[in-house]
Every structure is written in C-alpha cells, then in structure tokens.
Amino acid sequence: QPYDFSWAVNDYYNDYSHSESSDGKVTTGSYRVVLPDGRTQIVTYKADSYGYVADVKYTGEAKYPE
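See below:
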C-alpha cells in the first residue's frame, strides 16, 4: 500500500528529521541527525524485494571539548 510521511524535530536539544515514501513495492527515504560531536549524519536508503541499501554521509567538522 503506498504511503508518504515526514517529520522533524528542531529545538535547543534536538535536531533530526525523517522522510519516507513507498509505492507498495519499493520504499525510499532519508533521515538526518546532528551528532554529539557537531557533525550531521545523513542517511538515504532504499528497500525492496532485493533488500535494504543505505548510503551514509557526514557533513560538518567534528568538535571535541578541550
């Protein structure tokens, strides 16, 4: 059954989102989250009868406490 959704949280403590859609056979989507080190992790994915494939990328520069 086809569907489509998305949501996001962006406040002082959190910054993440997720979107996904499906035609009933193939599901595609992406999610992103700001990591504790300051980088953003972005995952795009596709799932179908052959399996699940994800592409994971990072943006920004990691920052650690001194």
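Read left to right, the sequence shown gives residues 1004 to 1069 (this note's numbering).
Just so it is clear, CB atoms sit at the ideal spot from N, CA and C, and this is done for glycine as well.
Quantities reported herein were computed from a predicted structural model and do not represent experimental measurements.
Output the boundary residues of the beta strand (DSSP E) element that contains LYS1060. Residue 1060 sits at position 57 when you count from the first residue of the sequence shown. Segment 1054-1062, the beta strand (DSSP E) holding LYS1060.
Return the chain-ordered list of same chain residues with a C-beta closer than 7 angstroms to the C-beta of LYS1066, the five sequence neighbours on each side being excluded. Within the sequence shown, residue 1066 is the residue found at index 63, counting from 1. ASP1040, GLY1041.
Integer Cβ distance of SER1024 from TRP1010, believed to fall under 8 angstroms: As a working mapping, residue 1024 is identified with position 21 in the sequence shown. As a working mapping, residue 1010 is identified with position 7 in the sequence shown. Not quite, the Cβ-Cβ distance comes to about 13 angstroms (not below 8 angstroms), so this is no contact.
Using three-state DSSP, classify LYS1028 as helix, strand or coil. In the sequence shown, residue 1028 corresponds to position 25, counting from 1. LYS1028: coil per DSSP, three-state reduction.
Starting from LYS1049, trace the beta strand (DSSP E) both ways and give me its first and last residue. By 1-based counting over the sequence shown, the position of residue 1049 is 46. Here the beta strand (DSSP E) through LYS1049 covers 1043-1051.
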